[in-house]
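Data first, discussion second: the structure below is written as structure tokens.
Protein chains: 2
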Amino acid sequence: MWELTIADLDDLTLGATLLGTGGGGDPYIARLMARQAIEDFGPVRVVTPSELPRDARVLTVAVIGAPTVIIEKVPSGTEFVAAVRALARHLGDEPAAIQPIEVGGMNTLVPIAVAAELGVPVVDADGMRRAFPQIEMTVFTLGGIPAAPMSVADEKGNLVVFEATNNLLAERLARSTVITLGLANAISCYPLTAGQVLEHGISGSMTYCVQLGARLAAVRRGEPGAYQEFLRFAQAREFFSGKIVDIDRHTTDGFARGTVTVEHFADPDRTMRIEIQNELLLAFEGDRPVITAPDLICMLDHEDASPITTETLAYGQRVDVIGMPCAPEWHRDGMLELVGPRAFGYDIDYVPLGGVAR
Amino acid sequence: MWELTIADLDDLTLGATLLGTGGGGDPYIARLMARQAIEDFGPVRVVTPSELPRDARVLTVAVIGAPTVIIEKVPSGTEFVAAVRALARHLGDEPAAIQPIEVGGMNTLVPIAVAAELGVPVVDADGMRRAFPQIEMTVFTLGGIPAAPMSVADEKGNLVVFEATNNLLAERLARSTVITLGLANAISCYPLTAGQVLEHGISGSMTYCVQLGARLAAVRRGEPGAYQEFLRFAQAREFFSGKIVDIDRHTTDGFARGTVTVEHFADPDRTMRIEIQNELLLAFEGDRPVITAPDLICMLDHEDASPITTETLAYGQRVDVIGMPCAPEWHRDGMLELVGPRAFGYDIDYVPLGGVAR
Chain A
1 MWELTIADLD DLTLGATLLG TGGGGDPYIA RLMARQAIED FGPVRVVTPS
51 ELPRDARVLT VAVIGAPTVI IEKVPSGTEF VAAVRALARH LGDEPAAIQP
101 IEVGGMNTLV PIAVAAELGV PVVDADGMRR AFPQIEMTVF TLGGIPAAPM
151 SVADEKGNLV VFEATNNLLA ERLARSTVIT LGLANAISCY PLTAGQVLEH
201 GISGSMTYCV QLGARLAAVR RGEPGAYQEF LRFAQAREFF SGKIVDIDRH
251 TTDGFARGTV TVEHFADPDR TMRIEIQNEL LLAFEGDRPV ITAPDLICML
301 DHEDASPITT ETLAYGQRVD VIGMPCAPEW HRDGMLELVG PRAFGYDIDY
351 VPLGGVAR
Chain B
1 MWELTIADLD DLTLGATLLG TGGGGDPYIA RLMARQAIED FGPVRVVTPS
51 ELPRDARVLT VAVIGAPTVI IEKVPSGTEF VAAVRALARH LGDEPAAIQP
101 IEVGGMNTLV PIAVAAELGV PVVDADGMRR AFPQIEMTVF TLGGIPAAPM
151 SVADEKGNLV VFEATNNLLA ERLARSTVIT LGLANAISCY PLTAGQVLEH
201 GISGSMTYCV QLGARLAAVR RGEPGAYQEF LRFAQAREFF SGKIVDIDRH
251 TTDGFARGTV TVEHFADPDR TMRIEIQNEL LLAFEGDRPV ITAPDLICML
301 DHEDASPITT ETLAYGQRVD VIGMPCAPEW HRDGMLELVG PRAFGYDIDY
351 VPLGGVAR
């Protein structure tokens, strides 16, 4: 158990933005929400799943929608607690703790705000240790844990509770609801027990996120050797450095989709193309896939090493493209069907980055 | 109070098909469901709202989707009771009676099957006394009664419960869910009290439907004077007799939409064009609107006077087009905004058929 205070939010936000791989919602807004909640309700305890009773009820909370919308349609904040309360009521149960479903972007910070308000701890675990665009894309799905019952709430008082026979249908039901409710809503899904988190979740992801953020902060401060230490800690590698020469972006089917092309600084004949569905999913150098989901593609600003989210990509931006292996918990049966390139409709093979992080 | 038995089902089905104005789902399947339920669980009591305690909980049940799909995707039956039970659970309340939300097509008969299974009466009232394609299109909406909380269920165990801030949004949320779940699902909406039914509903619609069906049955048996008696009872008028010379039909946005054109038997220069959104909505002779929502457009087979549903319209079919005034309960503030031609996107005025039925 450790206590998360306002002093931790900078590193946490930086790590979360990086792990968001370009998606996961605008971390700036969520950081303000978390800060306000800690000011109002006090620091949040971060507990490992083993510190909770095995049958303790753990509920998740996240923003769901398209980041391109979320950055403009600022959440009121009430919808997150409303989603959790609705699911708790449906289950006839109160949450003993809140857990992020993805440690990546906004969805790392929103659970902290909700936990502070509800006066319960946050569990140091998640289902992705990155961001993914669809609800079913969690290690919990690999573990056979249903995403439903789940709830979706908006800021006006609209509220939907779902039971779904499988996690892909849960995603489709939530997505069609979110399209109707304006593409920036709150969701609580995968109601878990602490025992299930321990068995199937990715443990330590909140702590990892803060540590990763602290190392990236050192890079941003220009500390000597900090970039190498950051890459070592993340087991990451720099794949490309260049200038954005093309962005094609559209919001469709409830997602922000697009393609971004980067031209190499040293050799203009070398280009990297990155495919987006809310998150950065696949990186190609020429026609050759070099970083593929579920491994992480992170884009850093070449000047100040700040992680770039897909909704802020801009023509002419100078960027470094980093590849990081996904959490080792992903490497089990069913991974490629669930979150490999073909799960996103690309007919290419997964290119493992080798080495498993941490 | 009267007891609805298998002997009533033929007239009820015939009346319901007519009041379905071409929509409301395939009555044949629903008739089999109602028959089976009465055989299994016994006759169903039909009660007026005033025969129930004022605060008695009345829940509705209906099929929701596109008739073109419903005719092919036969319901399993379990989804209807599942939708009612889910809403009852959400409300923390048990239904004292079941009520059709529309007396028109399948949705007149489904509530009978559910009432039989649950062992509760059916309320002799509804919210339309015809079929309409959208959930918010009820006299309850005119009375300020919210459609939500509501529930949607499918035959596989998928289940969604909604709270919505207004009835149009309730429709849009249900529609997007139904599109995801396959366009033929069960819905329970407008949870009411008997007092609300009495104050805002259309009373006697079940009885009216049986009586109307009995008169149409007499027409179909070729009894002398039966057609005139049928028209008189329904306050109806025959507007057109001819042959279907064109049908344009497509299933889009979760509805069956289209246009059917009829050429007059006696004068081939006269054509009637009828616009469809699940139901027959507007009838034009040439460019002149002659029957408009919320009044009823009913198509009868010219040979045997059987009412024709939109999904069975066929080229070359010989038909009579009947116009019937809507239930008098519709005539109050807000009617045209909710169910007039412009509510369906047609920039024409309502053409009252004059006289209000019964």
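Sequences listed follow chains A and B, in order.
Terminal number for the first sequence in UniProt numbering: 358, no gaps in between.
Terminal number for the second sequence in UniProt numbering: 358, no gaps in between.
In this text, a Cβ means the ideal position worked out from N, Cα and C, and glycines have one as well.
For residue i, the residue or residues it bridges with in DSSP
i: V262 (chain A); result: A:I244 and A:M272
i: T252 (chain A); result: A:F255
i: residue 359 (chain B); result: The structure shown does not extend to residue 359 (chain B), since chain B is modelled only from 1 to 358, so the question has no answer here.
i: A97 (chain A); result: A:V58
i: I202 (chain B); result: B:D126
i: L280 (chain A); result: A:I276
i: L159 (chain B); result: A:E163 and B:A153
i: L300 (chain B); result: B:P307 and B:D320
i: P289 (chain B); result: B:F284
Pick from the options that is closest to residue i, judged by C-alpha positions
i: G42 (chain B); options: B:T17, B:A7, B:P53 and B:L59; result: B:A7
i: E79 (chain A); options: A:G119, A:L52, A:D11 and A:V152; result: A:V152
i: A184 (chain B); options: B:G77, B:I101 and B:W2; result: B:G77
i: residue 359 (chain A); options: A:L282, A:D301 and A:A147; result: Residue 359 (chain A) lies beyond the residue range present for chain A, which begins at 1 and ends at 358; the question has no answer from this structure.
i: E117 (chain A); options: A:A37, A:D246, A:E3 and A:G23; result: A:A37
i: T309 (chain B); options: B:A88, B:D11, B:G104 and B:L59; result: B:G104
i: V47 (chain B); options: B:V58, B:E39 and B:A234; result: B:V58
i: A247 (chain B); options: B:E263, B:Q235 and B:D253; result: Correcting the residue type first, residue 247 (chain B) is Ile in the shown sequence and not Ala. Cα-wise, what sits closest to I247 (chain B) is B:E263.
i: M206 (chain B); options: B:G316, B:K156 and B:E102; result: B:E102
i: D253 (chain A); options: B:P328, B:V81, B:I274 and B:S176; result: B:S176
i: P307 (chain B); options: B:R129, B:E275, B:R220 and B:N167; result: B:R220
i: E39 (chain A); options: A:I112, A:P100 and A:A88; result: A:I112
i: W330 (chain A); options: A:D304, A:T17, A:N158 and A:R129; result: A:R129
i: G242 (chain B); options: B:P149, B:G222 and B:D267; result: B:D267
i: D154 (chain A); options: A:V123, A:R85, A:H200 and A:E163; result: A:R85
i: D269 (chain B); options: B:Q277, B:D287, B:E275 and B:I276; result: B:D287
i: H200 (chain B); options: B:P133, B:V161 and B:P328; result: B:P328
i: Y227 (chain B); options: B:L91, B:A305 and B:I244; result: B:A305
i: E3 (chain B); options: B:P121, B:P53, B:V114 and B:E303; result: B:P121
i: N107 (chain A); options: A:G204, A:A147, A:D93 and A:L19; result: A:L19
Whole-angstrom C-beta distance between residue j and residue i, which should lie under 8 Å
i: R35 (chain A); j: L9 (chain A); result: 6 Å
i: G127 (chain B); j: Y190 (chain B); result: 7 Å
i: L142 (chain A); j: R332 (chain A); result: 6 Å
i: V319 (chain B); j: D301 (chain B); result: 6 Å
i: I187 (chain A); j: A83 (chain A); result: 6 Å
Residue i versus residue j - alpha carbon distance
i: Y28 (chain A); j: T21 (chain A); result: 15 Å
i: I98 (chain A); j: A214 (chain A); result: 24 Å
i: A357 (chain A); j: F265 (chain A); result: Here A357 (chain A) scores only 37 on pLDDT, less than 50, and its place in the model should not be relied on; the value that follows carries that caveat. One C-alpha to the other measures close to 29 Å.
i: Q196 (chain A); j: L109 (chain A); result: 22 Å
i: G355 (chain B); j: L336 (chain B); result: A caution first: G355 (chain B) carries a pLDDT of 48, below 50, which makes its placement in the model too unreliable to give a value.
i: I64 (chain B); j: V178 (chain B); result: 7 Å
i: G119 (chain B); j: L12 (chain A); result: 57 Å
i: P352 (chain B); j: I135 (chain A); result: 50 Å
i: T60 (chain B); j: C298 (chain A); result: 52 Å
i: G258 (chain A); j: L181 (chain A); result: 23 Å
i: F344 (chain A); j: R237 (chain A); result: 24 Å
i: A62 (chain B); j: A256 (chain A); result: 36 Å
i: T251 (chain B); j: V260 (chain A); result: 36 Å
i: G25 (chain A); j: L338 (chain A); result: 22 Å
i: I348 (chain A); j: V81 (chain A); result: 40 Å
i: L198 (chain A); j: T138 (chain A); result: 14 Å
i: A229 (chain A); j: A217 (chain A); result: First, the amino acid is wrong: residue 229 (chain A) is Glu here, not Ala. Their Cα atoms are separated by approximately 11 Å.
i: L32 (chain A); j: F233 (chain A); result: 28 Å
i: E285 (chain A); j: T165 (chain A); result: 40 Å
i: L14 (chain A); j: P49 (chain A); result: 24 Å
i: E279 (chain B); j: A170 (chain A); result: 31 Å
i: P95 (chain A); j: T193 (chain B); result: 33 Å
i: T5 (chain B); j: L173 (chain B); result: 36 Å
i: M272 (chain B); j: C326 (chain B); result: 21 Å
i: M324 (chain A); j: G316 (chain A); result: 24 Å
i: G23 (chain A); j: R89 (chain B); result: 37 Å
i: A125 (chain B); j: E163 (chain B); result: 24 Å
i: Y346 (chain A); j: I276 (chain A); result: 12 Å
i: G222 (chain A); j: V321 (chain A); result: 18 Å
i: I291 (chain B); j: F240 (chain B); result: 11 Å
i: E51 (chain A); j: F132 (chain B); result: 56 Å
beta-carbon residue i near the ligand NAP non-hydrogen atom, thresh 7 Å
i: S205 (chain A); result: No copy of the ligand NAP occurs in the structure displayed, which carries no ligand at all.
- Residue ranges of each alpha helix (DSSP H) within the segment 312–351 of chain B, 4 or longer: 335–339
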